[in-house]
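Peer 1:
2 protein chains.
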Amino acid sequence: MEKILVIEDEDNIRGFVIVHLKREGFIVLEAASGEEGLRVLDENPDTSLVLLDIMLPGIDGFQVAEEIRKHNQTIGIIMLTAKTMESDQVHGLNQGADDYIGKPFNLNELTARVHSLVRRIRTHQFPKQTGIRLNRAERCLIKGGNAIELSPTEYQILSILDMAKGKAVNRNDILDEVWGLDFPGDPKIVDVNIRRIRQKVEDNPSDPKYIETVWGYGYKWRK
Amino acid sequence: MEKILVIEDEDNIRGFVIVHLKREGFIVLEAASGEEGLRVLDENPDTSLVLLDIMLPGIDGFQVAEEIRKHNQTIGIIMLTAKTMESDQVHGLNQGADDYIGKPFNLNELTARVHSLVRRIRTHQFPKQTGIRLNRAERCLIKGGNAIELSPTEYQILSILDMAKGKAVNRNDILDEVWGLDFPGDPKIVDVNIRRIRQKVEDNPSDPKYIETVWGYGYKWRK
DNA sequence: TAAATGTGTTACAAAGAAATGACAATCAGC
DNA sequence: GCTGATTGTCATTTCTTTGTAACACATTTA
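From first to last, the protein sequence lines are chains A and B. The working numbering puts the first residue of the first sequence at 11, with every later residue one more than the last. The working numbering puts the first residue of the second sequence at 11, with every later residue one more than the last.
1. When you compare the CB positions of residue 227 of chain A and residue 180 of chain A, do they come within less than 7 Å of one another, or not?
2. Out of curiosity, what's the CA-to-CA distance linking residue 31 of chain A and residue 111 of chain A?
3. Whose C-beta lies closer than 7 Å to the C-beta of residue 187 of chain A among residues of the same chain, with five residues either side of it excluded?
4. Just tell me which of B:53, B:57 and B:90 has its CA closest to the CA of residue 70 of chain B.
5. Quick one: what's residue 7 of chain B bridged to in DSSP?
6. From the DSSP output, in three-state form, read off residue 41 of chain A for me.
7. In whole angstroms, what separates the C-alpha of residue 229 of chain A from that of residue 203 of chain A?
8. List, in order along the chain, the chain B residues whose C-beta lies closer than 8 Å to that of residue 148 of chain A?
9. What residue range is occupied by the uninterrupted beta strand (DSSP E) comprising residue 229 of chain B?
10. For the beta strand (DSSP E) containing residue 223 of chain A, list its first residue and its last residue.
11. Quick one: Cα of residue 21 of chain B to Cα of residue 42 of chain B, how far?
12. Rounded to a whole number of angstroms, what is the C-alpha to C-alpha distance between residue 143 of chain A and residue 37 of chain B?
13. Which residue spans inside the stretch 49 to 87 of chain B form an unbroken beta strand (DSSP E) run of at least 3?
14. Closer than 8 Å by beta-carbon distance: list the chain A residues that pair up with residue 227 of chain B, in chain order.
15. If we count the other Cβ atoms within 10 Å of its Cβ and call it buried at 16 or more, is residue 57 of chain A buried or exposed?
16. Measure how close the beta-carbons of residue 61 of chain A and residue 27 of chain A come, nearest whole angstrom, since I'm counting them as under 8 Å.
17. For residue 173 of chain A and residue 150 of chain A, I'd like the C-alpha separation in whole angstroms.
18. I'd like the span of the alpha helix (DSSP H) that includes residue 171 of chain B, first residue to last.
19. Residues of chain A with CB under 9 Å from residue 233 of chain B, in chain order?
20. Quick one, which of A:225, A:233 and A:206 has its alpha-carbon nearest residue 219 of chain A's?
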């Protein structure tokens, strides 16, 4: 079932829309600000579509859309625009939105557009990339069609795990390869970095799925 | 077959271009002034593409382009610019062109561009250039129908990023390619030039969209 | 069960990378 | 030579990354 994120600061509008979408059978996430929206999206990379109000407190809808598109080219974005807006503004600024709906909108129209876009995404766009893989060229990680940025150290560690092709890698080997044989510091640095990678990569960093701990030995990378 | 309108006041240039385009199999319309061009276009709404000289008697090419775009977002517009023109003029005024060709131009180049734009229009349906791309012949950048002028160094860097096709390029590779392997100066010169390009290219140079920083590595070019 | 050991988690400060702005040198055209 | 654009240098600011330390939690072992 498709996940939809509604980013809208006015509680009653948001609630209204959510109830309607749930009735249509969607899984609905919500956020009252752009910042929150981006965070929610980060935690739910399998979201199909975002309903995005333009007038938001803090960063506005356009900026949110831009930010989303930086990492995800395949997600659908529908903007909610107030009728009072200058058309040039809408024209000029729209970066990355797939559709627009003017407020006040009727809910049938909204759900119709949502269904239509979801269909388009599913058929037209390539099906949502499952799996996860390291992209050497871009020095990042592709997960479900989203790019996750990695710092140099993180990338290096993940490279090592990746090259082991699912075999467990010894902690010390990681330490030696990344920090050199004569590293004077605390070997726990490996753990800390694994933790950092997990926070970026895992759905639930405390219950890791991709980077598995091999007790008394090291870590294993399962794609 | 595709209809092309040539708006150009100098008879021999116009004739020359027309002969060439007809030989390529296009249906060619002509006009010797902006006013006439708009009239012809009005009578031939199925025209695919307009070749538009900037220096015209009466209303100039920019105004013509603007007028065309008021009514038609999908037609292709290629501007013919004289080399002698002030860059600011090119900078400030151009609205809505899809491409630029500097005079004097060679006819092969012209037909190549025409074919390319026609193809784009036919396949994409929404040819109005939303993205951004490097124009090798003019050594400039086309962004949303506007030409952005680049200095030689800037152009070279952007070329390198462009050739990488969205992959991250290492700082040192840029340094080596542009300044040579034995450059004695400060490698930060790369950063400084990137910033200069960003100031020209980005909507908000401090929150770059097109030239992305890949931390600890280099830069990435997203069109 | 308690101690020992390995691992997870978080906060913080230092180091390092990149962005920025000002300035001087260079070069091209006039 | 003058003017303006281009280019490189440098100091300063801003931001990210990175290592450390302290503590919590889990697993093993005695």
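Where is the CB? At the ideal position from N, CA and C, for every residue including glycine.
Peer 2: Based on what the coordinates show:
1. The answer is yes: Cβ separation under 7 Å.
2. When rounded, the distance between both Cα atoms is 15 Å.
3. 170, listed in sequence order.
4. It is B:90.
5. Residue coverage of chain B in this structure runs from 11 to 233, which leaves residue 7 of chain B outside it and unanswerable.
6. Reduced to three states, the DSSP call for residue 41 of chain A is strand.
7. In this structure, the alpha-carbon of residue 229 of chain A lies about 12 Å from that of residue 203 of chain A.
8. For residue 148 of chain A, the residues of chain B that pass the 8 Å Cβ criterion are 176, 177, 178, 224 and 230, in the order they occur in the chain.
9. Element bounds for residue 229 of chain B: 228 to 231.
10. Per DSSP, the continuous beta strand (DSSP E) segment holding residue 223 of chain A begins and ends at 221 to 224.
11. As the crow flies, the alpha-carbon of residue 21 of chain B is around 8 Å from that of residue 42 of chain B.
12. Cα to Cα, the separation comes out at about 50 Å.
13. You should have 59 to 63.
14. Taking a Cβ-Cβ threshold of 8 Å, the residues of chain A close to residue 227 of chain B are 149 and 162, in chain order.
15. Residue burial is scored here from C-beta neighbours: residue 57 of chain A has at least 16 other C-beta atoms within 10 angstroms and is therefore classed as buried.
16. A Cβ-Cβ separation of about 7 Å places residue 61 of chain A in contact with residue 27 of chain A under the 8 Å criterion.
17. Residue 173 of chain A and residue 150 of chain A: Cα-Cα distance of roughly 15 Å.
18. Looking at the DSSP string, the run of the alpha helix (DSSP H) that includes residue 171 of chain B is 162 to 173.
19. Neighbours of residue 233 of chain B on chain A: none; closest Cβ ~12 Å, over 9 Å.
20. Measuring from the Cα of residue 219 of chain A, the nearest candidate turns out to be A:233.
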